[in-house]
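Residue numbering for the sequence shown follows the numbering used here, beginning at 330 and increasing consecutively.
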Amino acid sequence: MSRGARTQGEIRRFLGIGAVQVAELDLHGGEALLRPGPGSPAVTHGEVFLLVRRAGRPVGTLLARVPEGRIRSRC
Numbered sequence: 330m331s332r333g334a335r336t337q338g339e340i341r342r343f344l345g346i347g348a349v350q351v352a353e354l355d356l357h358g359g360e361a362l363l364r365p366g367p368g369s370p371a372v373t374h375g376e377v378f379l380l381v382r383r384a385g386r387p388v389g390t391l392l393a394r395v396p397e398g399r400i401r402s403r404c
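As structure tokens, this is what we get:
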């Protein structure tokens, strides 16, 4: 399977999910910090599209499912 075909398949799966939360995951230091994306409400369980940062710089993206009861808020 070509890279283009894989990308198209990933896009179709992503669009088929429905509503997705947007968040940022910063991997600075020894602790990962998960926070809502700009203008987004607090992250809850369900599908989350993450912008992954290392020391504040974007390094990738990730689509993940957060199980119910797994989010601890510091706010």
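C-beta: ideal position from N, C-alpha, C; glycine also.
Distance, residue j Cα to residue i Cα
i: Ile346; j: Glu376; result: 8 Å
i: Met330; j: Arg341; result: 16 Å
i: Val372; j: Pro365; result: 6 Å
i: Leu362; j: Gly398; result: 17 Å
i: Leu392; j: Leu354; result: 11 Å
i: His357; j: Val381; result: 10 Å
Extent of the continuous alpha helix (DSSP H) run through residue i
i: Gly338; result: 332-346
Residue of the options minimising C-alpha distance to residue i
i: Leu344; options: Val388, Arg386, Phe378; result: Phe378
i: Arg394; options: Ser369, Ala352, Gly359, Leu356; result: Ala352
i: Pro370; options: Gly338, Pro387, Arg383, Gln350; result: Gln350
DSSP bridge partner residues for residue i (one or two, in chain order)
i: Pro396; result: The partner list for Pro396 (beta bridge, DSSP) is empty, contrary to what the question assumes.
Residue i, enclosing beta strand (DSSP E) - first and last residue
i: Pro365; result: 362-365
i: Gly375; result: 375-383
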